[in-house]
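Written out below as structure tokens is the structure these notes cover.
Protein chains: 2
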Amino acid sequence: MTADTNPLDAVLAAARAFLGERLSINASIREQHSRGEDANPPVLPDAVAFVETTAEVSKLLALCNAHGVPVTPFGAGTSLEGHVVPVRRGISLDLSRMAAILEVNAEDMDCLVEPGVSRHQLNEHLRDQGLFFPVDPGSHCSLGGMVATRASGTNAVRYGTMREAVMGLEVVLADGRVITTGGRARKSSSGYDLTRLFVGSEGTLGVVTKIRLRLQGIPEATTAAVCQFDSLKDAVETVIMTMQAGVPVARIELADADQMRASIAYSKLPYEPLPTLFLEFHGSPAGVREQAEAVEAIASDMGGKGFAWAEDAETRNKLWKARHDAWWAATALYPGCRGITTDVCVPISRLAEAIVGAKEEAVAAGQNTCIVGHVGDGNYHCVILFPADDPQGLEKAWALDRRIVARGLALGGTCSGEHGVGLGKREFLVDEHGPAVLDVMRSLKAAMDPRGILNPGKMLPDAA
Amino acid sequence: MTADTNPLDAVLAAARAFLGERLSINASIREQHSRGEDANPPVLPDAVAFVETTAEVSKLLALCNAHGVPVTPFGAGTSLEGHVVPVRRGISLDLSRMAAILEVNAEDMDCLVEPGVSRHQLNEHLRDQGLFFPVDPGSHCSLGGMVATRASGTNAVRYGTMREAVMGLEVVLADGRVITTGGRARKSSSGYDLTRLFVGSEGTLGVVTKIRLRLQGIPEATTAAVCQFDSLKDAVETVIMTMQAGVPVARIELADADQMRASIAYSKLPYEPLPTLFLEFHGSPAGVREQAEAVEAIASDMGGKGFAWAEDAETRNKLWKARHDAWWAATALYPGCRGITTDVCVPISRLAEAIVGAKEEAVAAGQNTCIVGHVGDGNYHCVILFPADDPQGLEKAWALDRRIVARGLALGGTCSGEHGVGLGKREFLVDEHGPAVLDVMRSLKAAMDPRGILNPGKMLPDAA
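Taken in sequence, the protein lines are chains A and B.
The opening residue of the first sequence carries number 1 in the UniProt record's numbering; numbering runs sequentially from there.
The opening residue of the second sequence carries number 1 in the UniProt record's numbering; numbering runs sequentially from there.
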């Protein structure tokens, strides 16, 4: 390298020495790393690095930091908010080959994994040990991406989100230093909670290379149930009353009539196209019966019908697969359409007005939407469909998204329950948190990544 | 103020203008703010400010920051690690008069309180609404102090610690800016988790002026139980097997034979001076019976005897009062003695060797110790007693403390489960986390408090 080499060339030349063929400038590989599953415009990275060890990540970041070259971490590429789009180009850091399950400590119910491990892979591995990992976003995402976005899913109402599930991390800092945060004890008051600072930091403060997770015991008994309602409001009120009654539901998911139409067609579900709650109960055989009966009584008071129990694993698996396929079902229902999704989460007491109001906004805008939600947490997703060939389609969808988010914020909610900020939700951060909070976030970012190489352009809106 | 006024005088003169008599330089008030409940040498602050509003905290911090005058927050003064000792003098910021319960949202099970509210006061207030706040350190501490130390207590095994309980905070930053972190939604992926950065930050990053807490529903049924064992190891093995069996105990507390001797005398408990487990079960009437029977079977296999159920509230209250009075009981058993306490927390699988080893260290050192523990979390306290009139007594106690902590760290544990670092645990931070983590913590501290006015000398060891 000479003084007049450009920074990118300097990084590529030095990185090729230890990555070899795993540093790629192949066009189709760059194209695969230009976008996630969202509708943001793709951007090609200059190169893609397929790292295999923490030491490689450390060397690469030290290089990029020295030369000021942007690094955008890439896991399974399932982000819904543009996290993996390398908007300032540079290196796409592909962690998918770091996919080893390093430890399972069954007696302490924890494990240590690399970031490229998927939740499916982990649960497959755990099954024989009577343990499972509960956090379950809909997509086939990597655990590293789930750390980055503070992900959750259908089980969060009972078992918490990645905030609760991550016990500690190995992180490579911007300058290549490697730290280990947290530990194996169930609790600690020993210094700043760096673990939770990195969880949800979207690759902007460091690159996660190992993840210690808390596991859960597979419950002795599991029962699912499905209940349908004539009105969206009655379904949501049933959720609110269930939560307020303190029933420890493991899952309580909503699909509106449009989503049910989509899922019935896509997943061959034997239900009516009506607002529907999907529930699951975990515990002892007597305990799950008690829980299910409590919810059945509440649902029945609210006009719920056909409270169908599903005790066998096959029916349950079909049900939850259908729930996880909701996004694909929604897009399949409207051929030629693409979708974006909102991710608002509100206090449970405001959930009915939030969801009913969101649907009214969508109807008033004349946009097709399907609503699903992790409603026990107050989190709902409006999948807004738009014709892929309408040049105004995406902008109209985003305009509706903005109105739905604004309603959620006005009800004391957050613009993102689980998908993260990325590119898509940056504009809402000042409204949600106020300018002083953003200044604090920027000062933390500056302390951790002074040259701004880590996933630049994400999460924090540009300063006014 | 003139250029040659000293910084402290400048702050006092300006602060007196808005605090009046509530800014005190009275000797006995300064003495009351010179120490917590720990054995660290007291240090008198230059003045004590009894603030009543966020605006006052903001004005005072802006002043102190401008003049570089140290500020040490003070709540109920129950710290066990020297947090409230103003080692660099300056202002002791007494928040005990900010003790209003501002909101209780029963339907969402959250509340908003000022930092001077005690957990007793909050629970008294909540009782009629069927709700309670579960985090219960032994002392009569303030919720602000509990945020600062990431406190927990006997219920943490079921309901989590302050890490899980705090939904959001109002914080005054070093320069007087006021921010609100978190929110009322049950989860969020909207930006860095500032709430959890402040929880456990021991007043070194900002001063907490409002706290939003998640509440719990008072369980339909509650049962307590007491079980005694011939050996410490059998008692601890019972805990390990109970946790591994996934029984959702609400409380599972250990007292060793010496602690039982102390508590039997102090709290008039009708038990034998043997290693003892105190348990509590929360749920439906059938659920608590099921849980208690499961633990009874495990305890019986481990040679436990006299599994005594306590279903009535009076017996239960007496039991938990005795547990919370363990520290006072221990010091009362050894007249003329003072005590310090360890706070190690280890992975549950290592708990038996950790506790048995700690007791062996104490016996080898010839020191009287009583052991109590929130053992469901792997957290145990060795109360080390030493004669108050022995000039070497405190140093000998600390030497034993160091050996017990070193054993805990070697087993994958943390030096502090719930009391925090303060002065007393600073020396263990490098061993526990490594130097790079401490560098990161220092860079965050520098970003948030560039002049180093906030509780200086605490948590972070001086850089080597």
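Here a beta-carbon is modelled for each residue, glycine too, at the ideal position from N, C-alpha and C.
Please read these numbers as outputs of a predicted model, since none were measured by experiment.
Practice problem: Look at the alpha carbon of threonine 223 of chain A and the alpha carbon of proline 134 of chain A, and state the distance between them as a whole number of angstroms. | Solution: Pairing threonine 223 of chain A with proline 134 of chain A, the inter-Cα distance amounts to about 16 angstroms.
Practice problem: May I ask you to report which of helix, strand or coil DSSP gives methionine 1 of chain B? | Solution: Here the model assigns methionine 1 of chain B a pLDDT of 46, short of 50, so the residue's position is not dependable, and the following value carries that caveat. Correct three-state label for methionine 1 of chain B: coil.
Quiz item: Under 8 angstroms between C-beta atoms, does histidine 419 of chain B make it to chain A?
Solution: By this cut-off, histidine 419 of chain B is an interface position.
Exercise. Express the C-alpha separation of arginine 158 of chain A and lysine 318 of chain B in angstroms, rounding to a whole number.
Key: 32 angstroms
Quiz prompt | Limits of the alpha helix (DSSP H) - the one that cysteine 227 of chain A falls within | solution = Per DSSP, cysteine 227 of chain A belongs to no alpha helix (DSSP H); it is in the beta strand (DSSP E), 221-228.
Exercise. Name, please, each residue of chain A whose Cβ falls closer than 7 angstroms to the Cβ of cysteine 415 of chain B.
Key: Ser190
Exercise. Leaving out five residues on either side along the sequence, give the residues of the same chain with a beta carbon under 6 angstroms from the beta carbon of asparagine 6 of chain B.
Key: Excluding sequence neighbours, asparagine 6 of chain B sits near nothing in its chain.
Quiz prompt | Terminal residues of the alpha helix (DSSP H) in which isoleucine 7 of chain B lies | solution = Per the sequence shown, the amino acid found at residue 7 of chain B is proline instead of isoleucine. Run containing proline 7 of chain B: 7-19, per the alpha helix (DSSP H) assignment.
Quiz item: Under 8 angstroms between the Cβ atoms of leucine 279 of chain A and leucine 254 of chain A?
Solution: 8 angstroms or more divides the Cβ of leucine 279 of chain A from the Cβ of leucine 254 of chain A.
Quiz item: In chain B, which residues lie less than 7 angstroms from valine 199 of chain A when you measure between Cβ atoms?
Solution: The answer, in chain order, is Asp193.
Self-check item: For serine 24 of chain B and valine 43 of chain B, believed in contact at Cβ under 8 angstroms, the rounded distance
Solution: No, valine 43 of chain B and serine 24 of chain B are not in contact; Cβ-Cβ is about 16 angstroms, not under 8 angstroms.
Practice problem: Report the neighbours of leucine 444 of chain A on chain B: residues whose CB is nearer than 7 angstroms to its CB, in chain order. | Solution: Tyr192, Leu444, Ala447
Quiz item: glycine 434 of chain A: beta carbon under 7 angstroms from a heavy atom of the ligand ATP?
Solution: Annotation note on the ligand ATP: not contained in the displayed structure, which lists no ligands.
Practice problem: Return the chain-ordered list of same chain residues with a C-beta closer than 6 angstroms to the C-beta of serine 416 of chain A, the five sequence neighbours on each side being excluded. | Solution: Asp343, Lys425
Quiz item: If we ignore side chains and look at the alpha-carbon of each, how far apart do serine 443 of chain A and proline 461 of chain B end up?
Solution: Approximately 23 angstroms, taken between the alpha carbons.
Quiz item: So the alpha helix (DSSP H) histidine 120 of chain A belongs to, where does it begin and stop?
Solution: 119-126
Quiz item: Name the residues in the stretch 121-152 of chain A whose C-beta lies less than 8 angstroms from a C-beta of chain B; which are they?
Solution: Thr149, Arg150, Ala151, Ser152
Quiz prompt | Own chain, CB closer than 8 angstroms to leucine 411 of chain A, minus 5 neighbours either side, in chain order | solution = Val346, Pro347, Arg350, Glu353, Ala354
Quiz item: Quick one: does isoleucine 179 of chain B have its CB under 8 angstroms from some CB of chain A?
Solution: With 8 angstroms as the cut-off, isoleucine 179 of chain B counts as an interface residue toward chain A.
Quiz item: Buried or exposed: where does glutamate 81 of chain B fall if 16 or more other Cβ atoms within 10 Å of its Cβ makes it buried?
Solution: That one is buried.
Practice problem: Go to glycine 408 of chain A, then tell me how far its alpha helix (DSSP H) extends in each direction, as first and last residue. | Solution: 393-410
Practice problem: Measuring alpha carbon to alpha carbon, tell me which of A:Asn379, A:Gly206, A:Lys59 ends up nearest residue 465 of chain A. | Solution: For residue 465 of chain A there is no data in the structure shown, the boundaries of chain A being 1 and 464.
Quiz item: What residue does the alpha helix (DSSP H) around arginine 338 of chain A start on, and which one ends it?
Solution: Unbroken run through arginine 338 of chain A is the beta strand (DSSP E), 337-341; no alpha helix (DSSP H).
Exercise. Compute the distance between the beta-carbons of proline 137 of chain A and glycine 116 of chain A, then report whether it is under 8 angstroms.
Key: no
Practice problem: Give the straight-line distance between the Cα atoms of methionine 1 of chain B and isoleucine 91 of chain B, rounded to the nearest whole angstrom. | Solution: A caution first: methionine 1 of chain B carries a pLDDT of 46, below 50, which makes its placement in the model unreliable, though a value can still be read off. Spanning the two alpha carbons is a distance of roughly 18 angstroms.
Exercise. Go ahead and label lysine 305 of chain A buried or exposed: buried means 16 or more other beta carbons lie within 10 angstroms of its beta carbon, across all protein chains shown.
Key: exposed
Quiz item: What does serine 284 of chain B touch in chain A if you count any residue whose Cβ is under 7 angstroms from its own?
Solution: Glu290
Self-check item: Residue burial classification, arginine 97 of chain B (beta-carbon count within 10 angstroms, cutoff 16)
Solution: exposed
Quiz item: According to DSSP, what are the bridge partners of alanine 47 of chain B?
Solution: B:Ile91
Quiz item: At a CB-CB cut-off below 8 angstroms, which residues of chain A make contact with glutamate 353 of chain B?
Solution: For glutamate 353 of chain B, no chain A residue has a C-beta closer than 8 angstroms to its own C-beta; the minimum C-beta separation is roughly 13 angstroms.
Quiz item: What in chain B is Cβ-close to aspartate 108 of chain A, meaning under 7 angstroms?
Solution: Within chain B, the residues near aspartate 108 of chain A are Pro347, Ile348, Ser349.
Quiz prompt | CB contact below 8 angstroms: alanine 185 of chain A versus chain B | solution = yes
Quiz item: Quick one: is asparagine 455 of chain A near chain B, going by C-beta distance under 8 angstroms?
Solution: With 8 angstroms as the cut-off, asparagine 455 of chain A does not count as an interface residue toward chain B.
Quiz item: Quick one: Cα of aspartate 439 of chain B to Cα of alanine 262 of chain B, how far?
Solution: 43 angstroms
Quiz prompt | Proximity test, Cβ basis, 8 angstroms: proline 461 of chain A and chain B | solution = no
Quiz item: Hey, how far is the Cα of isoleucine 384 of chain B from the Cα of phenylalanine 281 of chain B?
Solution: 31 angstroms
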